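Visitor: Going by full-length UniProt numbering, 85 is the number at position 85 of the sequence shown; the sequence numbering is gapless.
Okay, handing you the structure first.
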Amino acid sequence: MGRTTSVGRARPGKPARRPEAPRSLWGSATALVTTFALGFAVAFVSGSWTSGPDATERRIAELKEAEARRDIDQVGTLIELAKGGRERLTPVLEAMAKASPLPDTAPPTAPTIDEVRGWREVVSAETQRYVDTPSAGNGVNVARTGMRTAVQQLAAAVDGFATAVTAPEPLARDLLTLAGAQRTLALRTWSVAALQLDVISVDAGKGHVHVYLPSGPDSGTIPADTAPEGSG
């Protein structure tokens, strides 16, 4: 009988170890980001609690108060400038009114070239006083811009008078009329600015202020109100 070979049983032993899975870097990074985000949120909420809406509102109130004080100072400065301008410009405007009066009021009296040169000195100096434009609120800016525009128009009127006195007739008469019309436009512009200054003066606690220039009843300017100076 031939030899038979038997297959031996495998000896029992320890189970084979599986390779250990690598540690997840993504999970660690996610945990780190989550921790940072939570910490930032807590810090933001804590900061907002102590310096959030209340601190912001206080800062806004401080800025508004500072702007209000600045505007009050600017109103006072503009009032003094306008009052001084009225005193300096009134003699020039009265002479211009004689040189080119409103229609049907009086016959014109042509000025001399020396008189016109004197007007130019006064008006040019007044124009320079409005060159600086300090920062201010809209109300002050409107009043100052109106007065600056008015004196610039007066300067243009002076140039018209200077041309008229050296021109031959009948051109000279027409140029005097045009120069007078420019003067009237300047007075109307100033009256609008004077009204604005009156309003912001009352708002600033300084009362009514009337810095209107002499213009005549038929010039189309805005008249001053009847409130006493300084009232309101």
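C-beta: ideal position from N, C-alpha, C; glycine also.
From a predicted model like this one, the values you see are computed outputs, not experimental measurements.
Go through its chain and collect everything with a Cβ distance to P223's Cβ below 6 Å, but skip five positions before and after it.
Guide: Counting from one through the sequence shown, the residue named residue 223 turns up at place 223. Closer than 6 Å at Cβ, skipping near neighbours: no residue.
Visitor: Within this structure, are the beta carbons of E94 and P214 separated by less than 8 Å?
Guide: Taking the sequence shown and counting its residues from 1, one reaches residue 94 at position 94. Taking the sequence shown and counting its residues from 1, one reaches residue 214 at position 214. For E94 and P214, yes; Cβs fall inside 8 Å.
Visitor: Decide if the segment 151-171 is in contact with the segment 102-111; the criterion is three or more beta carbon pairs, one per stretch, under 8 Å apart.
Guide: As far as the Cβ criterion goes, the segment 151-171 touches the segment 102-111, which means the pair count is three or higher.
Visitor: Identify which residue in S135, G118 and D73 has its Cα closest to the Cα of A155.
Guide: For this step, residue 155 is matched to residue 155 along the sequence shown. Per the Cα distances, G118.
Visitor: Got a sec? Which residues, its chain only, sit under 6 Å from S231 by beta carbon, not counting five neighbours each side?
Guide: Taking the sequence shown and counting its residues from 1, the one referred to as residue 231 is at position 231. G207 and H208, listed in sequence order.
Visitor: Going by DSSP in three states, R129 sits in which element: helix, strand or coil?
Guide: If you number the sequence shown from 1, residue 129 lands on position 129. Coil.
Visitor: Smallest Cα separation from A99: which of V142, T127, A157 and D73?
Guide: Here residue 99 is taken as the residue at index 99 of the sequence shown, counted from 1. Out of V142, T127, A157 and D73, A157 has the C-alpha closest to the C-alpha of A99.
Visitor: Here's the rule I'm using: 16 or more other beta-carbon atoms within 10 Å means buried, otherwise exposed. How should R144 be labelled?
Guide: Within the sequence shown, residue 144 is the residue found at index 144, counting from 1. So R144 ends up on the buried side.
Visitor: Does the distance from the CB of G146 to the CB of D71 come in under 8 Å?
Guide: For the purposes of this step, residue 146 is taken as the residue at position 146 of the sequence shown. For the purposes of this step, residue 71 is taken as the residue at position 71 of the sequence shown. Taking 8 Å as the Cβ cut-off, G146 and D71 do not qualify as a contacting pair.
Visitor: Given this structure, state the Cα-to-Cα distance separating A150 from A97, to the nearest angstrom.
Guide: For this step, residue 150 is matched to residue 150 along the sequence shown. For this step, residue 97 is matched to residue 97 along the sequence shown. Their Cα atoms are separated by approximately 16 Å.
Visitor: Considering only C-alpha positions, which residue in the set P107, V165, V123 and A186 is nearest to residue 252?
Guide: No statement about residue 252 is possible, as the shown extent of the chain runs from 1 to 232 and does not include it.
Visitor: Suppose the cutoff is 6 Å on Cβ atoms and the five residues either side in sequence are ignored; what does the same chain contact list for A194 look like?
Guide: Position 194 of the sequence shown, counting from 1, holds the residue named residue 194. If we look at A194 and ignore the five residues flanking it on each side, its Cβ neighbours are V211 and Y212.
Visitor: Would V140 and V75 qualify as a contact pair, given that the criterion is a beta-carbon distance under 8 Å?
Guide: Counting from one through the sequence shown, the residue named residue 140 turns up at place 140. Counting from one through the sequence shown, the residue named residue 75 turns up at place 75. Yes, the pair counts as a contact, with Cβ atoms nearer than the cut-off.
Visitor: Going by the beta-carbon positions, is the gap between R188 and G220 smaller than 8 Å?
Guide: As a working note, residue 188 is residue 188 in the sequence shown. As a working note, residue 220 is residue 220 in the sequence shown. Their beta carbons are under 8 Å apart, which means R188 touches G220 by this criterion.
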